[in-house]
Amino acid sequence: MLPRIARLIATTTALAAMAGLSFAQSLPRQVETENYTLSIETVADGLSSPWGATFLPDGAMLITERTGTLQRVDMTSGEMSVIEGTPEVFARGQGGLLDVELHPNFTENRLVYLTFAQPRDEGAATAAGRGRLSDDGSRLEDFEVIFQQQPAVSGSNHFGSRLAFSPDGKLFITLADRFNHMNEAQNPRNHLGVVVRLNDDGSVPEDNPFASGGEGAPEVWSYGHRNVQGAAIHPETGALWISEFGPRGGDEVNIPEAGGNYGWPLVSAGNHYSGRSIPDPSTKPELKSAVQSWNPAISPSGIAFVPEGPLGEWKGDLLLAGLSSQAITRLDLQGQEVLGDERIEMAARIRDVIFDEKGTLYALTDGEGGALIRLMPR
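Be aware that the sequence shown starts at 1161, since it is given in my numbering, and climbs by one per residue.
Next up, the structure:
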């Protein structure tokens, strides 16, 4: 029989393998694309299931770890420090600490926003909150929850969730159907399978499509979504773009419109995990159509539009972090029209893609032992 410590290591490693995680991630030194050879440099590693990231004005990066920790990363040294004051999270399955975003007026108010799976008596649900980053950057002060997904249900899958501020200062929060409650994504009176739109304090904008609370919950912007893990604001139009997981195939990019129904689970380009078919989106033209869909799945998580900078030939295109695809997918865009897509093989599950103010591309690799990497053209 193995000694107790050896048994523990073997069991932990087996569980990580079952979850699709890796303690020692091996990345290529460079990747080839249609336009560039990109060199890959590891900025920081040893992260515990990194999920979301954003840059501070001083150039440091905030990274959430799904296990519940918010890290500050020095982009020169790679040194990490934990920021205290984060909320308790439901760190099971796909739940935990999820996205992070700064208030548009962060330099004045120092507000940091988080989404997270929140433990509740009824089970768990996605929540969003905000706190003030202390002057020394060591903790979030006076953290308050400003939104709670209703209802909370049992289970540990499909929490979403990304944050995005629109140019008018409204806050979008992407959510999910909580897996075992997919049919509720067609019910805009709750928050399952929806995108919500709020004022920065969590109150409801008067021009939301269901602001009166009659046909839908006042917070709801769009519904009929499955599991939305990517969100970005188009740099020219100011519109919200999202990426969401299909079932077996049928991953999508959508541009959610006010009050729009995006079809899940009535239609999909994929099938149920059981193999049972789902009507194709073309069978219900009254529902909103995806900008792009994939079958087989790419498992898209975080997304970002390419700005001016080192990847100038891709300016305006959309990059999608891919989990099962172990790739970054580039949508070649002309306005809202997709001219084509390119799969950039990364040999690792990619959870998020982020650009700094100079237009340099960074990505987070998924799982235990995750890394923050920089991708630069040679």
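Where is the CB? At the ideal position from N, CA and C, for every residue including glycine.
Just the C-alpha distance for residue i and residue j, rounded to the nearest angstrom, thanks.
i, j, result
"Ser1182", "Ser1209", "Only weak support is given to the placement of Ser1182: the predicted model assigns it a pLDDT of 38, under 50, and the value that follows is read from those uncertain coordinates. Roughly 10 Å separates the two Cα atoms."
"Ala1184", "Thr1525", "Here the model assigns Ala1184 a pLDDT of 45, short of 50, so the residue's position is not dependable, and the following value carries that caveat. The alpha-carbon atoms of Ala1184 and Thr1525 are separated by roughly 11 Å."
"Gly1384", "Glu1239", "42 Å"
"Phe1250", "Gly1256", "5 Å"
Put residue i into one of helix, strand or coil per three-state DSSP.
i, result
"Ala1429", "coil"
"Asn1343", "helix"
"Pro1369", "coil"
"Pro1378", "coil"
"Thr1443", "helix"
"Gly1329", "coil"
"Ala1177", "Legend: pLDDT at Ala1177 = 36, less than 50; position of this residue unreliable, no value from coordinates given."
"Trp1424", "coil"
"Gly1291", "strand"
"Glu1497", "strand"
"Gly1384", "coil"
"Gly1256", "coil"
"Glu1225", "strand"
"Glu1261", "strand"
"Gly1212", "strand"
On the premise that residue j lies in contact with residue i, defined as a C-beta separation below 8 Å, what is that separation, rounded to the nearest angstrom?
i, j, result
"Met1536", "Ser1314", "The pair is not a contact, with the Cβ atoms about 45 Å apart (cut-off 8 Å)."
"Thr1214", "Leu1262", "6 Å"
"Gln1486", "Ala1508", "6 Å"
"Asn1421", "Phe1405", "Rounded, the Cβ-Cβ distance is 18 Å, inconsistent with contact."
In terms of residue numbering, what span does the alpha helix (DSSP H) encompassing residue i cover?
i, result
"Thr1267", "Phe1266 to Asn1269"
Kindly indicate the opening and closing residues of the beta strand (DSSP E) around residue i.
i, result
"Ile1393", "Val1388 to Ile1393"
"Met1240", "Met1240 to Ile1243"
"Tyr1522", "Leu1521 to Thr1525"
"Ala1204", "Thr1197 to Ser1208"
"Glu1528", "Glu1528 to Pro1537"
"Gln1452", "Gln1452 to Trp1454"
"Met1506", "Met1506 -> no beta strand (DSSP E), and no H or E assigned at all."
"Asn1350", "Looking at the DSSP string, Asn1350 is not in any beta strand (DSSP E), and its letter there is neither H nor E."
"Pro1460", "Pro1460 to Phe1465"
"Ala1481", "Leu1478 to Gly1482"
"Ser1403", "Leu1400 to Glu1404"
"Phe1303", "Leu1300 to Gln1308"
Can you say whether residue i is buried or exposed, counting buried as having 16 or more other CB atoms within 10 angstroms of its CB?
i, result
"Arg1189", "exposed"
"Gly1530", "buried"
"Asp1328", "exposed"
"Tyr1433", "exposed"
"Arg1322", "buried"
"Gln1494", "exposed"
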